[in-house]
Structure formats: C-alpha cells, structure tokens
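*Asks:* Below you'll find the structure I mean.
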Amino acid sequence: MIIRQIRITPVAFLDPPLLNAAGVHQPWALRAIVEIVTDEGLTGLGETYGDLGHLGKVRECAQALIGLDVHALNTMYARVTAIVGEDAQRVPTASQERSIDRVFSAFEVACLDVRGKAAGVPVSDLLGGRVRDAVPYSAYLFYKWAGHPGAEPDRFGAALDEAGIVAQARLLIREYGFASIKLKGGVFPPDEEIAAIRALHEAFPGVPLRLDPNATWSVETSIRVARELDGALQYLEDPTAGITGMAEVAAAVPMPLATNMCVVTPEHFPPATAARAIDVLLLDHHYWGGLTRSSHIATMCDAFGLGMSMHSNSHLGISLAAMTHLAATTPNLTYACDTHTPWQNGQDVLTPGTLRFTNGSVPVPTGPGLGVELDRDALAVMNEQYEKCGIVARDDTSYMRRINPSFPSTRPRW
Ligand SMILES: [Mg+2]
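Numbering (the working numbering), first residue to last: 2 to 415.
Have a look at this one:
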C-alpha cells in the first residue's frame, strides 16, 4: 500500500470567546486535515494543528512521504526528523512540545486509518484491541464572555462567576450527559476559582471535578488553594510551572496532581518521577507522536505508577475519533478524557452522525479504520473560512490585548 498523494487542507471554524491563562480564544479556531491516498485508492484521515508555521512543516514533510508504504512508520519518522531537524525539537511554547512528534502524528493516524480500512478492522484493533466499548469524556468548562466583542452573544452565554460556571455545567451535562467536570482556571484570582469549584461541588455532588489554572500560580498559592479544596477535587492540573515547582506542591497537598505541561516528552519522565512531581499524565497523541507512540507512553506511565487522562485543544471529529480509539485501547487511561467538542457547536468535517455522545461517552467506532467519513462539502466550506478569516496562528494573548491592553503576561500571576 504505497502512498501516492497527500492532501493537506487547512480549515477554520467558529470558536467562542473562551478565557484562559493566555488570554481568550480568537473568533476562529484553526486545524489542518490530512488525507493520505494509496495506490489501491484507499484514503486515510488525520487532523493536526492549523497554525501557519506548523502547516508549512506538515506540507514539506508530506512531499517526503510520497512513495512509502503505509506500514513504514519508522522510515516516515526518520524522514520527518530529517526535515524538521534536531535543533527544532523544542519549539518555544509553554509546553515545549517536540516539533517532530507534532508533525509526524497526523501522518501516523492517517496511515492507521488506511491500514484499518484495508484489513477491514477498526483502528482500535490495530492498537491492541479495545478494553472499553465507549470512552468517557468530561464537561470542559470555561469562563467566557457572552460573545466576541462586537458580535451577538453565542448560545452558551456568559460565564464570569460561579453562578455562570454552574449554569454552563448544567447545559453541557444536559446535552452530553457528562459524568466528570473540568474547569479551565487561571483566569480570575484564585479565591474566585475556589468559589466556582465549591459551587460545582455543591451543585453536582459526587461528580468528579478537576481544575486547571495552567501554571498561573506560585508554589505557595498552589499549596494554599489545594488545601482549601481538599475533598472537592479529583485532581489538580498544572497549578504551577515546572517539575521542581510541581514536586514542591505535590509533597504538600492532599489531592493528585496532573499535567500536560511539565511532562511533554519522554525525557521528562526520569526527573518528574524521581521528584514525584505528578500523579496523572494527560496524554495527547497530537504531540506525543501519534497513536502508537502514545500507547508506548501509556506503558511508561504504567511502569511508573502514573494515572492517565487525555488532554484536548480545539479539535474536530477526526481527532475525536482518534482520541476515542486510543483511549479505548489504553487500559490504564481510567480518568474521563478532555474534549472541546461541545464548543464546536456542531461544526465538523465529518458526515454527521458518525460520532455521538451517549451518557458523556463516545462509543468506539466499529467501522474499518477510524470509522469516520469526510464530508467534502463541509471541508470546502471550512477551508474557505480559513482563507477568509484572516487568522494564521492561534494567539490568545494578542487578541485579549486588543480588548484589554493591560492584560499581563507575567507568570506566576498569583
Ligand atoms: Mg492542561
């Protein structure tokens, strides 16, 4: 099964004004859809980030993969490494994701989709077989404005205090049936976010809660907040920056600490585990190098006694399908996964109805490959939106500063 063609289509979809430590989501979220076409006429789908710099690397690497067999993942990884370059392994982002793994991931997922289609089996079978038939996701709550400045309010409305957060949780749980809740924090002073968690704890007794302030707190603040939330949180995610800081917090607080920030490459495992910095790793196949490499990371977590959940950025259905196959085949991924799906508000590049939520979980697709089908008309519309929207990279901070010029960039903020 030789790769004859790879199509890369950048897309944009409407995104609500979701507030976070970096600022606020822009009106459009970007992704790129990867289609690998083989000599036998099979097409495999992948989805990755849509930022222009990343897109350029993905396009360049795509050319170098033409002519390879879809099973030759090691050769593909070597070619991506040669192009993206050893010195570019660490991009200057908060999470220091490795460029090579980020670029390789979408190709790997698309190859698995092709291989599943050729063999007539779901991707979950290629990953070792599913250990659960449906994957639980959490209600991912955000503080948010009613709408983007100058635009009509969106259907989710404002959530700027604990009452707004509880109302948002009720809406998402009513529509999706979620049985776990995560709040994106790092937006307001910690006492306000403590109040929001307490309000959720009271409104949804017994429902597991998580809080993720994206390392906006000092070690001292993290310890204070964590102690005040004793008994209310399933885990606390990235309260403070770095393995050393997280280890200081972990030693002093009652609940598990989770991360998708201080352990983002395999080389972070030895120092993080030696320092007992984390208890839970949030897996993300988009930056851990695809589904197979993510399975290996899960094995490493098992060896080190770490629990597992799953991280999410704004994404579309191809990613949701890939995340679901991965989570379904990872025995030790026992925490409900994060997803931004509700914030897509029905926008997708897939034929409607392929993926659905039942009681907060996505049943694992059982069709060949990822088990999803591209809607070419929707893809064309979203590509046109990308061309017209004027956004070429995610930049929550610059967008926020257009509205609030004094928005601070210092961390820790509290
Ligand atoms: Mg996080």
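Idealized CB from N, CA, C, for every residue including glycine.
Might you give, ordered along the chain, the residues of its own chain that have their beta carbon closer than 8 Å to the beta carbon of T293, omitting 5 neighbours on each side?
*Replies:* Excluding positions up to five away in sequence, the list reads L74, E109, L113, L128.
*Asks:* Would you list the residues sitting across from Q6 in a DSSP beta bridge?
*Replies:* DSSP lists V38 as partners of Q6.
*Asks:* With L20 and Y144 assumed to form a contact (beta carbons below 8 Å), what rounded beta-carbon distance in angstroms separates them?
*Replies:* That pair is a contact at about 4 Å.
*Asks:* Which partner residues of V363 appear in the DSSP bridge assignment?
*Replies:* Paired residues: V136.
*Asks:* When burial is assigned at 16 or more other CB atoms within 10 Å of the CB, is T94 buried or exposed?
*Replies:* For T94, the pLDDT reaches just 47, beneath the cut-off of 50, and the residue's location in the model is therefore unreliable, although a value from the coordinates is still provided. By the 10 Å Cβ count, T94 comes out exposed.
*Asks:* To the nearest angstrom, how far is it from the Cα of D16 to the Cα of F408?
*Replies:* So the alpha carbons of these two residues sit roughly 21 Å apart.
*Asks:* I want to check one thing, is the minimum distance from the CB of L234 to the heavy atoms of ligand 1 below 7 Å?
*Replies:* Not so, every heavy atom of ligand 1 lies at least 7 Å from the Cβ.
*Asks:* Would you mind sorting D228 into buried or exposed? The rule is 16 or more other CB atoms within 10 Å of its CB.
*Replies:* Checking the sequence, you will find Arg at residue 228 rather than Asp. It counts as exposed.
*Asks:* Return yes when at least one heavy atom of ligand 1 lies under 7 Å from the C-beta of L1, else no.
*Replies:* Residue 1 lies beyond the stretch modelled for the chain, which goes from 2 to 415, so this question has no answer here.
*Asks:* Give the straight-line distance between the Cα atoms of P18 and Y141, rounded to the nearest whole angstrom.
*Replies:* Cα to Cα, P18 sits roughly 14 Å from Y141.
*Asks:* Using 8 Å for Cβ pairs, my map puts I182 next to A170. What's the rounded Cβ distance?
*Replies:* So it is a contact: roughly 6 Å between Cβ atoms.
*Asks:* For T340 and V281, I'd like the C-alpha separation in whole angstroms.
*Replies:* Answer to the nearest angstrom: the Cα atoms are 17 Å apart.
*Asks:* In the structure shown, what three-state DSSP assignment does T398 receive?
*Replies:* T398: helix per DSSP, three-state reduction.
*Asks:* Check whether the stretch 287 to 307 and the stretch 233 to 252 are in contact - that is, three or more C-beta pairs closer than 8 Å.
*Replies:* No: the two stretches stay apart, fewer than three of their Cβ pairs being nearer than 8 Å.
*Asks:* Can you list, in chain order, the residues of its chain with a C-beta nearer than 8 Å to that of K58? Leave out the 5 residues immediately preceding and following it.
*Replies:* Counting only Cβ-Cβ distances below 8 Å, and skipping sequence neighbours, we find I84, V85, S100, V104.
*Asks:* I'd like to confirm something about H297: is its beta-carbon nearer than 7 Å to some heavy atom of ligand 1, or not?
*Replies:* It does not: the Cβ of H297 is nowhere closer than 7 Å to a heavy atom of ligand 1.
*Asks:* For a test of your reading of the model: does the CB of D280 fall under 7 Å from any non-hydrogen atom of ligand 1? Yes or no.
*Replies:* Incorrect: D280 has no Cβ contact closer than 7 Å to ligand 1.
*Asks:* Below 7 Å CB to CB, which residues in the same chain sit around G68 once its five sequence neighbours on both sides are set aside?
*Replies:* Same-chain partners within the cutoff: I3, I4.
*Asks:* Let me know the secondary structure DSSP gives F205 once reduced to three states.
*Replies:* If DSSP states are grouped into helix, strand and coil, F205 belongs with coil.
*Asks:* Taking the alpha carbon of T359 as the reference point, which residue from F179, L66, L53 has its own alpha carbon closest?
*Replies:* Considering only alpha carbons, the answer is F179.
*Asks:* So what does C338 bridge to, in DSSP terms?
*Replies:* DSSP output for C338 lists Y138 as bridge partner(s).
*Asks:* Once the 5 residues before and after E163 are set aside, which same chain residues still bring their CB inside 6 Å of it?
*Replies:* For E163, where only same-chain residues beyond five positions count, the Cβ hits under 6 Å are A196, A197, A200.
*Asks:* Can you tell me whether DSSP reads M301 as helix, strand or coil?
*Replies:* In the structure shown, M301 sits in a helix (DSSP, three-state: H, G or I).
*Asks:* Under DSSP, the alpha helix (DSSP H) around K118 begins and ends at which residues?
*Replies:* Note, K118: alpha helix (DSSP H), 100 to 120.
*Asks:* Check this for me: beta carbons of G368 and P123, under 8 Å apart or not?
*Replies:* Yes, the Cβ-Cβ distance between G368 and P123 is below 8 Å.
*Asks:* Check for me: the alpha helix (DSSP H) holding T49 runs from which residue to which?
*Replies:* Note, T49: premise wrong, no alpha helix (DSSP H); beta strand (DSSP E) at 44 to 50.
*Asks:* Please name the residue or residues paired with R211 in a DSSP beta bridge.
*Replies:* Looking at the DSSP assignment, R211 forms a beta bridge with K183, Y236.
*Asks:* Please classify N215: is it buried, with 16 or more other beta-carbons within 10 angstroms of its beta-carbon, or exposed?
*Replies:* N215 should be labelled buried.
*Asks:* Is D213 near ligand 1 - that is, is its Cβ less than 7 Å away from at least one heavy atom of it?
*Replies:* Yes.
*Asks:* Compare the beta carbon distance of P206 and G361 with 8 Å and say whether it is the shorter of the two.
*Replies:* Cβ atoms of P206 and G361: not closer than 8 Å.
*Asks:* Under DSSP, the beta strand (DSSP E) around V281 begins and ends at which residues?
*Replies:* Here the beta strand (DSSP E) through V281 covers 281 to 284.
*Asks:* R414 by DSSP, collapsed to three states: which one?
*Replies:* Looking at R414 - three-state DSSP - the assignment turns out to be coil, as it is neither helix nor strand.
*Asks:* Do A152 and Y387 have their beta-carbon atoms positioned less than 8 Å apart in this structure?
*Replies:* No, these two residues do not count as a Cβ contact at 8 Å.
*Asks:* Please report the distance separating the alpha-carbon of M301 from that of D285.
*Replies:* Each residue's alpha carbon lies about 14 Å from the other.
*Asks:* Please classify H72: is it buried, with 16 or more other beta-carbons within 10 angstroms of its beta-carbon, or exposed?
*Replies:* Answer is exposed; the Cβ neighbour count stays below 16.
*Asks:* Got a sec: does ligand 1 put a non-hydrogen atom nearer than 7 Å to the Cβ of H312?
*Replies:* Correct: H312 has its Cβ closer than 7 Å to ligand 1.
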